[in-house]
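Structure first, then comments.
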Amino acid sequence: MKRKPSIRDLEQKLKAALLELKTYREMCDCLVGERDYQETEIRSVIIMNTKLKGELAELDVKCNDPSDQRDRLQGLGNETDRSVRAITASEVLQEELQNSRTRTHKLQHQLELSRKSGLHGLHPGNKTDDRCSPRRARPPEPRSGRVSSPHAAPADGQRVIMYNDEFGRSTGLQAHRLLYNN
């Protein structure tokens with residue numbers, strides 16, 4: 001037979017259920033508190049992440065800036081190298097010009113000396129008037145033993161010919177190649 005639960009049994013069950021309900025409520029409150037704490041932590045992590053992203057962007061700009069500066073400096077270095085080469089070439093040309101001027105001055109001096117001494121005349125194969133005929137001058141020896149430009153002074157196998165106008169004034173020097181028949 002079944003026995004009817006007594007009031008006391010029911011009261012005890014109710015008390016046990018009430019205790020269990022309190023325990024569950026405390027557990028629920030604890031879980032809600034933990035959830036709130038975790039949400040706060042997540043918000044602080046998001047804020048920290050945003051801050052770190054900003055710092056990373058700044059560092060990226062700072063890192064790229066030296067790369068850009070390096071590229072610009074390499075460009076400036078290349079331009080400087082080109083400038084140095086151009087200056088060196090200019091100095092070589094200035095030296096050649098000075099050598100050419102020195103040779104021209106020496107040739108003019110030799111011409112004046114030959115005019116004063118009366119040693120200039122017609123070229124042996126030329127039977128033209130003295131006033132417009134080319135006169136040969138002895139090519140000067142280069143100071144350094146080499147000629148740095150074929151236009152600066154006569155090279156091996158060349159002679160300098162002095163041309164005069166009808167009044168006997170110099171109209172310029174020209175270098176002509178001599179052909180040697182062997």
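The opening residue of the sequence shown carries number 1 in UniProt numbering; numbering runs sequentially from there. For each residue, glycine too, the CB sits at the ideal point set by N, CA and C.
Classified as exposed, residue 19 has fewer than 16 neighbouring CB atoms from the shown chains inside 10 Å of its CB. Exposed is the label assigned to residue 73, since fewer than 16 other Cβ atoms lie within 10 Å of its Cβ.
Annotated three-state conformation of residue 13 is helix, per DSSP. The alpha-carbon of residue 8 is positioned some 25 Å away from that of residue 25.
With 16 or more other Cβ atoms inside 10 Å of its own Cβ, residue 107 counts as buried. Spanning the alpha carbons of residue 61 and residue 83 requires a straight line of approximately 32 Å.
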